[in-house]
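Take any residue in the sequence shown, count from 1 to its spot, add 891: that is its number in this note's numbering.
Scroll down for the structure; my scribbles are underneath it.
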Amino acid sequence: MRKILLVEDDISLGETLNERLQRDYEVSWAKSLSEAWSLFSKTKDYDLAILDVGLPDGSGFELAAKLKATAPILFLFLTAQADAESRLQGFELGAEEYIPKPFHLKELLIRVKHVLDAHAPTRELQLESCVVNFTQMSVTKKTGQIEYPPVTDLKILQLLIEKSPRVLSRDEIMNEIWGVDKNPSHRTIDNIIVRLRQLLGDDGEKHIRSVRGVGYQWSTEEAT
């Protein structure tokens, strides 16, 4: 399920948005900049942040810049500041949408869906040595041979790609794939990474990088 960080200090509006968004997404609701930063610091794997510009302890613009500097994240602004200068500031920060208040709830839901659909999870990965299909959970080699590796292995590969260029710790990978209630060992993650590198051949060695003391990363840069 896609994860949304909702930052809105208006209790009535926040409750309405939180209740409706939770029907389709996993939502964390913060009522201030400091609370939002606290939530984000605990887990940076949100797909989208919905940010009110006017917060009691700062600006949504300030928060957006802080989030972007820490991890890749999509965001849109909700604001009563509908002047051109404010809109430009929002888009210069990289906002996907800038929605003036008041707005129709259905309009917001449609815009949220459009933003997330436009950045949908990777369905296919084309490499020099093979093609990985994440829908069929298969790998087609250059020879035409089709392999069906363990589904968990490909889910971890997909996770690394979607979170790139972030480095994911073993604990983050475990929580994303197995959930917090199940805790395979770090060695299990390491073994899966070894299998993925073998599966992808030269592409695996090139793109799946180990960051000592931190975890693993999918890199599109050439190794040096």
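Glycine included, every Cβ here is placed at the ideal spot set by N, Cα and C.
Supposed contact pair residue j and residue i - C-beta distance, whole angstroms, cut 8 Å
{"i": "residue 923", "j": "residue 947", "result": "5 Å"}
{"i": "residue 1099", "j": "residue 1051", "result": "7 Å"}
{"i": "residue 935", "j": "residue 907", "result": "Not confirmed; about 27 Å, so no contact."}
{"i": "residue 1058", "j": "residue 1108", "result": "4 Å"}
{"i": "residue 1009", "j": "residue 984", "result": "Contact doesn't hold; Cβ gap of about 18 Å is too wide."}
{"i": "residue 954", "j": "residue 930", "result": "Not really, about 11 Å apart at Cβ, beyond 8 Å."}
{"i": "residue 969", "j": "residue 899", "result": "7 Å"}
{"i": "residue 1046", "j": "residue 1068", "result": "6 Å"}
{"i": "residue 1103", "j": "residue 1096", "result": "Rounded, the Cβ-Cβ distance is 16 Å, inconsistent with contact."}
{"i": "residue 939", "j": "residue 965", "result": "5 Å"}
{"i": "residue 986", "j": "residue 958", "result": "About 12 Å separates the two Cβ atoms, so there is no contact after all."}
{"i": "residue 1031", "j": "residue 1022", "result": "5 Å"}
{"i": "residue 1044", "j": "residue 1086", "result": "6 Å"}
Host alpha helix (DSSP H) of residue i (start-end)
{"i": "residue 979", "result": "975-983"}
{"i": "residue 1085", "result": "1077-1091"}
{"i": "residue 929", "result": "924-933"}
{"i": "residue 951", "result": "951-961"}
{"i": "residue 909", "result": "902-912"}
Sheet register partners of residue i (DSSP bridge)
{"i": "residue 943", "result": "969"}
{"i": "residue 917", "result": "894"}
{"i": "residue 937", "result": "Partner(s): none; residue 937 has no beta bridge."}
{"i": "residue 1038", "result": "1030"}
Extent of the continuous beta strand (DSSP E) run through residue i
{"i": "residue 898", "result": "894-898"}
{"i": "residue 1067", "result": "Note, residue 1067: premise wrong, no beta strand (DSSP E); alpha helix (DSSP H) at 1061-1068."}
{"i": "residue 1106", "result": "1106-1109"}
{"i": "residue 1102", "result": "1099-1102"}
{"i": "residue 1053", "result": "That residue, residue 1053, is in no beta strand (DSSP E); its alpha helix (DSSP H) goes 1042-1054."}
{"i": "residue 988", "result": "988-991"}
Open item on the list: Does the segment 971-982 come into contact with the segment 938-952, if we say contact requires no fewer than three beta-carbon pairs (one atom in each stretch) closer than 8 Å?
Closed with: Flag = yes, the segment 971-982 and the segment 938-952 touch.
Open item on the list: Just to confirm the assignment: which complete beta strand (DSSP E) runs, minimum length 3, are found wholly within the segment 1009-1035?
Closed with: Runs of the beta strand (DSSP E) inside the segment 1009-1035: 1015-1017, 1021-1024 and 1029-1032.
Open item on the list: So, does the segment 1018-1038 touch the segment 1091-1109, judging by three or more C-beta pairs under 8 Å?
Closed with: Three or more beta-carbon pairs separated by less than 8 Å link the segment 1018-1038 to the segment 1091-1109, which places the two stretches in contact.
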